[in-house]
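These protein sequence lines map, in sequence, to chains Z and D.
Sequential numbering from 697 applies to the first sequence in our numbering.
Sequential numbering from 697 applies to the second sequence in our numbering.
The structure appears below as structure tokens.
2 protein chains.
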Amino acid sequence: MDYSDADPSDGPSTLQLDLARRIIDRIRDAGLSVGTRVSAPELARIFGVSRSPITGALDLLVEKGVLQPMETRGLRVARDVSTLNLSEILPNSPIEDLYRQMLRERAQGALPQDVSEAELMPRYGVSRGIVRKLLMRFAAEGLAQRLPGHGWRFVDTLVGEEAYRESYEFRAIVECSALRTPHFKVDKDIAGQIRRAHERILSDPASRSGSDEWFRVNAFFHENLAGFSGNRFLTDAVRHQNNLRRMQESAAFFELPAERIEQSCREHLAILDAVENADLEWAEALLRQHLKQALEYGGGRDDND
Amino acid sequence: MDYSDADPSDGPSTLQLDLARRIIDRIRDAGLSVGTRVSAPELARIFGVSRSPITGALDLLVEKGVLQPMETRGLRVARDVSTLNLSEILPNSPIEDLYRQMLRERAQGALPQDVSEAELMPRYGVSRGIVRKLLMRFAAEGLAQRLPGHGWRFVDTLVGEEAYRESYEFRAIVECSALRTPHFKVDKDIAGQIRRAHERILSDPASRSGSDEWFRVNAFFHENLAGFSGNRFLTDAVRHQNNLRRMQESAAFFELPAERIEQSCREHLAILDAVENADLEWAEALLRQHLKQALEYGGGRDDND
DNA sequence: TAGTGCTTTTCATTTGTACAAAATGCATTA
DNA sequence: TAATGCATTTTGTACAAATGAAAAGCACTA
Chain Z
697 MDYSDADPSD
707 GPSTLQLDLA
717 RRIIDRIRDA
727 GLSVGTRVSA
737 PELARIFGVS
747 RSPITGALDL
757 LVEKGVLQPM
767 ETRGLRVARD
777 VSTLNLSEIL
787 PNSPIEDLYR
797 QMLRERAQGA
807 LPQDVSEAEL
817 MPRYGVSRGI
827 VRKLLMRFAA
837 EGLAQRLPGH
847 GWRFVDTLVG
857 EEAYRESYEF
867 RAIVECSALR
877 TPHFKVDKDI
887 AGQIRRAHER
897 ILSDPASRSG
907 SDEWFRVNAF
917 FHENLAGFSG
927 NRFLTDAVRH
937 QNNLRRMQES
947 AAFFELPAER
957 IEQSCREHLA
967 ILDAVENADL
977 EWAEALLRQH
987 LKQALEYGGG
997 RDDND
Chain D
697 MDYSDADPSD
707 GPSTLQLDLA
717 RRIIDRIRDA
727 GLSVGTRVSA
737 PELARIFGVS
747 RSPITGALDL
757 LVEKGVLQPM
767 ETRGLRVARD
777 VSTLNLSEIL
787 PNSPIEDLYR
797 QMLRERAQGA
807 LPQDVSEAEL
817 MPRYGVSRGI
827 VRKLLMRFAA
837 EGLAQRLPGH
847 GWRFVDTLVG
857 EEAYRESYEF
867 RAIVECSALR
877 TPHFKVDKDI
887 AGQIRRAHER
897 ILSDPASRSG
907 SDEWFRVNAF
917 FHENLAGFSG
927 NRFLTDAVRH
937 QNNLRRMQES
947 AAFFELPAER
957 IEQSCREHLA
967 ILDAVENADL
977 EWAEALLRQH
987 LKQALEYGGG
997 RDDND
């Protein structure tokens, strides 16, 4: 994550915004009830930052009415956060929006495969620094690379049946192999996070509408399943595939039907069950089947809609 | 590859230096004999750049006596490049050296796991821009990441047994799976290139000294073997591993003994034989064995020498 | 017709300064 | 004892002018 600030003019920094989100997440996950006191140093320790940005984030949350100053000193939870809509309370970073816009335009072909920084500056009306930052983020995610000399090139998009087939084949190889790895070991904590996230999707029909939430949960599942192998290269490979698919899906305003999401969700949970029961052969069979269905669903459809 | 220039003061740019190397490689690979004419526009097309940096690279090669101006116009090969030692002729990019130095110091623990840009600037006596560039390169290769707030963190096991094990495991998975791919198909032309390159190594003892030549042949073999699968993601994964290994080995000043290179060479040829005979199971067994030996050779040694 | 040599234009890096934000330290308080 | 509020130091970002390098164009030539 890049916390450089695109908006030096107004308000809290990107880091503070992000911390505010994560603080809400934490209040929710830890199940802190209204009136519970929150401690800045503790949060700073948890998130690995100093108190400064935490203070900024807390101020923001006070301003938004999520937290409340106590009579004497300190802050406490002011309202039930479980029903809170994050995006309504906290503004989106403009640089994040720009990133998504570029991703979409590139996937749709509106943005050429080869671009120069100078060409993007006027196009999106931002400074070179920001253009550079965006491109470097694409590069970090394996979605673009610098060309020798001038310019940048986006990686080939996953258009066409052929690319889909290759992607599926690669994922099947990497993810299934991860399960067969000798050092494979389930991290109970992460497994719990995966399970809770999936159950929240299943229980809350609203979260199934915008594919966004589902995509995050989906990516989290596959990435961490590979992560149990303890092999960073396997994890990186899965993450890269996730990034590619994210670009692809942002192209077509394609939205998975709710029942498809629900099915995938259950498949994930079945795989997780098998993995936690140490029945890795069964897990692999399920995973292979799961990926195959994703291929049929994704590769079969027309990419131009 | 990042071609930004660390040395604005003197001489040819990093890109020009790199092109000069690749031009020599190409003269060698294409087997251009002394007196053959070289064309700037053609080289520009091949390497995907404009004529400007090619011109700079050619000037450099003229200066070093590799090329020679013809009587009328144009350039031609002035000497036999097969016996040429690249590193003697062309200076290394200082930024490249710095990268290796940092890698080495980090592996030895001389550099702490968490660092700040401001701390590295005086330490290596370079500007902030270069420090940033280096750190971002580490990040791009998965060797470091930005911390929220201030600073960067190197991954836990940057170099050492653990990293070697994971790398081996990953390569075994990816390369062996490539052989099992349904669309696997040998490109006769490329197979011929691989064979010839290996035979040249075996026949010419000099090419076994500086590991440089061997590394190229080695990388070419593995990358194209995976390439026969027709799956771009498998090929990319192998290429990525090659790049990582190149950096780590050069950082450790590691040089394979001639007999080890010779053995690897023969193993490669045996694998190639099996593949061309369509005996993929045997090829896979050989490949797995080959990789395992590479692991024992690379991972078993002390990293501090 | 393709290559060379040169010029012009475009593009990207460098550098230095001003500024914003995070880290750190300390006195104070519950 | 640990959290808070505030001040100081450190770290990193934003911006703009200057510089250098690559791309693109053009006339000339073999």
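Glycine included, C-beta positions come from ideal geometry on N, C-alpha and C.
Note that the coordinates shown come from a computational prediction; the quantities given were computed from them, not determined experimentally.
Task: Where Ala-836 (chain Z) meets chain D, residues with beta-carbon distance less than 9 Å - done: Met-832, Ala-835 and Ala-836
- [ ] With 7 Å as the C-beta to C-beta threshold (strictly closer), list the residues of the stretch 924–941 of chain D near chain Z in chain order.
- [x] Asn-927, Arg-928, Phe-929, Leu-930 and Ala-933
Task: Classification of Thr-710 (chain Z) by the beta-carbon crowding that lies within 10 angstroms, buried from 16 upward - done: Burial call: buried.
Open item on the list: Using DSSP's beta-bridge definition, name the partner residues of Phe-1009 (chain Z).
Closed with: In the structure as shown, chain Z begins at 697 and stops at 1001. Residue 1009 (chain Z) is therefore absent and cannot be evaluated.
TODO: Compare the C-beta of Tyr-869 (chain Z) against all C-beta atoms of chain D and say whether one is closer than 8 Å.
DONE: Per the sequence presented here, residue 869 (chain Z) reads as Ile, with Tyr not at that position. So, interface residue.
Task: Where Thr-877 (chain Z) meets chain D, residues with beta-carbon distance less than 8 Å - done: Glu-865
Task: Any C-beta of chain D under 8 Å from that of Pro-808 (chain Z) - done: no
Open item on the list: If we define contact as Cβ-Cβ less than 8 Å, is Val-758 (chain Z) a contact residue for chain D?
Closed with: no
- [ ] Quick one: using the 10 Å Cβ neighbour count with 16 as the cut-off for buried, is Ile-742 (chain Z) buried or exposed?
- [x] exposed
Open item on the list: Residues of chain Z with CB closer than 7 Å to the CB of Val-745 (chain D), please, in chain order.
Closed with: Under the 7 Å cutoff, chain Z gives Pro-844 and Gly-845.
Task: Proximity test, Cβ basis, 8 Å: Pro-737 (chain Z) and chain D - done: no
Open item on the list: Tell me the rounded alpha-carbon separation between Glu-865 (chain Z) and Ala-859 (chain D).
Closed with: 26 Å
TODO: Measuring only between beta-carbons, confirm whether Pro-749 (chain D) sits less than 8 Å from chain Z.
DONE: yes
Task: Short Cβ contact (8 Å threshold) for Ile-720 (chain D) with Val-762 (chain D) - done: yes
Open item on the list: Can you tell me where the alpha helix (DSSP H) holding Leu-816 (chain Z) begins and where it ends?
Closed with: Leu-816 (chain Z) -> alpha helix (DSSP H) spans 813–820.
Task: DSSP-derived helix/strand/coil call for Phe-743 (chain D) - done: helix
TODO: Can you tell me which of D:Lys-760, D:Trp-848 and D:Gly-821 puts its alpha carbon nearest to the alpha carbon of Pro-787 (chain D)?
DONE: D:Lys-760
Task: Beta-bridge pairing of Gln-944 (chain Z) - partner residues as DSSP gives them - done: In the DSSP output, where bridge partners are listed per residue, Gln-944 (chain Z) has none listed.
- [ ] Taking 8 Å as the cut-off, decide whether the C-beta atoms of Pro-749 (chain D) and Gly-845 (chain Z) are in contact.
- [x] Judged by their CB atoms, Pro-749 (chain D) and Gly-845 (chain Z) are nearer to each other than the 8 Å cut-off.
Open item on the list: I need the straight-line Cα distance from Glu-815 (chain D) to Gly-847 (chain D), nearest angstrom please.
Closed with: 9 Å
Task: Gly-744 (chain Z) versus Z:Arg-718, Z:Gln-985, Z:Phe-880 and Z:Ile-826, residue with shortest Cα-Cα distance - done: Z:Arg-718
Open item on the list: Given this structure, state the Cα-to-Cα distance separating Arg-891 (chain D) from Phe-880 (chain D), to the nearest angstrom.
Closed with: 19 Å
- [ ] Give the straight-line distance between the Cα atoms of Met-817 (chain Z) and Ser-823 (chain Z), rounded to the nearest whole angstrom.
- [x] Approximately 6 Å, taken between the alpha carbons.
Open item on the list: Once the 5 residues before and after Arg-733 (chain Z) are set aside, which same chain residues still bring their CB inside 6 Å of it?
Closed with: Closer than 6 Å at the Cβ level, and outside the excluded window around Arg-733 (chain Z), lie Gly-770 and Arg-772.
Task: Spatially closest choice to Arg-819 (chain D) from D:Met-798, D:Gln-809 and D:Ala-836, by CA coordinates - done: D:Met-798
TODO: With distances taken Cα to Cα, identify the nearest neighbour of Ser-746 (chain D) among D:Gln-712, D:Gly-727 and D:Glu-767.
DONE: It is D:Gln-712 whose Cα lies nearest to the Cα of Ser-746 (chain D).
Task: Residues bridged to Arg-1003 (chain D) [DSSP beta-bridge criterion] - done: Lying before the first or after the last residue shown, residue 1003 (chain D) is absent from chain D, which here runs from 697 to 1001.
TODO: Output the boundary residues of the alpha helix (DSSP H) element that contains Ala-874 (chain D).
DONE: 857–876
Open item on the list: If you measure between the beta carbons of Asn-927 (chain D) and Glu-862 (chain Z), is that distance less than 8 Å?
Closed with: yes
Open item on the list: Quick check: the Cα distance between Gln-809 (chain D) and Asp-852 (chain D), rounded to an integer number of angstroms?
Closed with: Gln-809 (chain D) and Asp-852 (chain D): Cα-Cα distance of roughly 8 Å.
TODO: Could you tell me the distance, in whole angstroms, from the CA atom of Val-934 (chain Z) to the CA atom of Phe-850 (chain D)?
DONE: 21 Å
TODO: Determine the extent of the beta strand (DSSP E) in which Ala-840 (chain D) is found, giving its start and end residues.
DONE: 840–842
TODO: Inspect the beta-carbon positions of Leu-968 (chain D) and Leu-875 (chain D) and report whether they are closer than 8 Å.
DONE: Not in contact: Leu-968 (chain D) and Leu-875 (chain D) (Cβ atoms no closer than 8 Å).
Task: Where Gln-712 (chain Z) falls: helix, strand or coil (DSSP) - done: helix
TODO: Over the uninterrupted beta strand (DSSP E) stretch that includes Pro-765 (chain D), give me the two end residues.
DONE: 763–765
Open item on the list: By the three-class DSSP mapping on this structure, what secondary structure does Leu-854 (chain D) have?
Closed with: coil
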